[in-house]
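**Student:** In the UniProt record's numbering, the protein residues as written are 1 to 323.
Think of the CB as a built atom: it goes at the ideal place given N, C-alpha and C, for glycine as much as any other residue.
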Amino acid sequence: MVMRGSLLNNHRRTVQRLRQMIGPLKIKLLLCFCISFTAILLLARSSFFVHDSDSDSDSDSDSSSKGYAILINTWKRYHLLKQSISHYATCPRLHSIHVVWSEPHPPSHSLHTSLHNLVSRAELRFHINHEDSLNNRFKEIKDLGVDAVFSVDDDVIFPCSSLNLAFDVWQAAPNTMVGFVPRRVSVDHSQSQGTKGYYIYNGWWSVWWTGTYSMVLSKAAFFHKKYLRIYTNEMPASIRHFITKNRNCEDIAMSFLVANVSGAPPIWVKGKIYEIGSTGISSLGGHTERRTECVNRFVAEFGGMPLVSTSVKAIDSRGVWFW
Ligand SMILES: *[C@@H]1O[C@H](CO)[C@@H](O)[C@H](O)[C@H]1NC(C)=O
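(1) In whole angstroms, what separates the C-alpha of residue 74 from that of residue 247?
(2) Here's a check: name, in chain order, each residue in its chain whose Cβ is nearer than 8 Å to the Cβ of residue 97, leaving out the five neighbours to either side.
(3) Quick one: is residue 195 buried, meaning 16 or more other Cβ sit within 10 Å of its Cβ, or exposed?
(4) Measure the alpha-carbon distance for residue 92 versus residue 160 and round it to whole angstroms.
(5) At the level of alpha carbons, what is the spacing between residue 142 and residue 99?
(6) Here's a check: name, in chain order, each residue in its chain whose Cβ is nearer than 7 Å to the Cβ of residue 170, leaving out the five neighbours to either side.
(7) So residue 213 and residue 258 are supposed to be a Cβ contact under 8 Å. How far apart are they, rounded?
(8) Give a single yes or no on whether residue 260 has its beta carbon closer than 7 Å to a heavy atom of ligand 1.
(9) Identify every residue that forms a DSSP beta bridge with residue 313.
(10) Determine the direct distance from the alpha carbon of residue 101 to that of residue 233, and round the result to whole angstroms.
(11) Of the choices 198, 204, 310 and 183, whose alpha-carbon is the least far from that of residue 189?
(12) For the alpha helix (DSSP H) containing residue 84, list its first residue and its last residue.
(13) Going by DSSP, which residues form a beta bridge with residue 215?
(14) Look at the alpha carbon of residue 311 and the alpha carbon of residue 144, and state the distance between them as a whole number of angstroms.
(15) Use the C-beta contact count for residue 224: other C-beta atoms within 10 angstroms, 16 or more gives buried, fewer gives exposed.
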């Protein structure tokens, strides 16, 4: 009995001791778990906030992932050009900046120097044109160094994180255009009883309403550098003449050209857009009528409608909370 009693006591004591140990241990474990979970969450979020860290660009080896060249079209708005260049110079995957210059006078020495001072890490080049034509923005650039071209107007700015996302998407589909400003071309059923379909160029609201688009505008789009060569040397000259004369629609022609070569739709990427200039020609009256005229003219020149419709939109999944 005594033996048993002491055994029982021993047992009880062991259990009690164990309980005493496990109690705090459990809490400690729980605490550990909570702390590490919070830490993981914080790390994940901080990589979201510090979105331009070098972690995005590691393990890049082949030439197509070396970075992208920015092609800025500008016209006598030096303060916008400075603002754009000083911003893009901070983007981690930038390879070079190319300024398409079509003014009668070359850039002044002071502008030249101040712009070069803004860009330390990447290359900055001016491409001086003597003729003033919208086709200048798509002239072939020899020894570009990278395949990816980001074509952009001087009055819109995109954060480096948006460029990163679009560049990633473009690398997965380098034959098509990847951009931030979608537009839709639709068939006008009221007038299509003739032999040829009659197309209408639609503005942003049509994309918003239908969720479909068939172009992304070259005012903010990635494309392969080969399309500069094709636009300048292989596209019918009549299209380029029409664009020079009408001072419009070079972006529509580029979309037709890329679609004709790739047979694929463009890709719309969600990005933040900061408009830094005053509103351009797109706000003037009669704009969509003139664009509609271009679309139908190019359909005739291409011998058909090459544009492909889609409703795909690429987004950064880190910015999405619910699936
Ligand atoms: C469109 O693509 C076809 C087939 O590749 C080609 O023969 C034609 O020249 C292209 N059209 C234009 C206008 O570039």
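**Tutor:** Result, derived from the coordinates:
(1) 14 Å
(2) These residues qualify, in order along the chain: 69, 70, 72, 85, 88, 89, 119, 122, 123, 124 and 125.
(3) The predicted position of residue 195 is uncertain, since its pLDDT is 48 and thus under 50; no value can be drawn from it.
(4) 8 Å
(5) Straight-line Cα distance between these residues: approximately 14 Å.
(6) Closer than 7 Å at Cβ, skipping near neighbours: 148, 178 and 222.
(7) The Cβ separation is near 14 Å, so there is no contact.
(8) yes
(9) 268
(10) About 20 Å.
(11) 198
(12) 78–88
(13) 183
(14) Roughly 32 Å between the two C-alpha positions.
(15) buried
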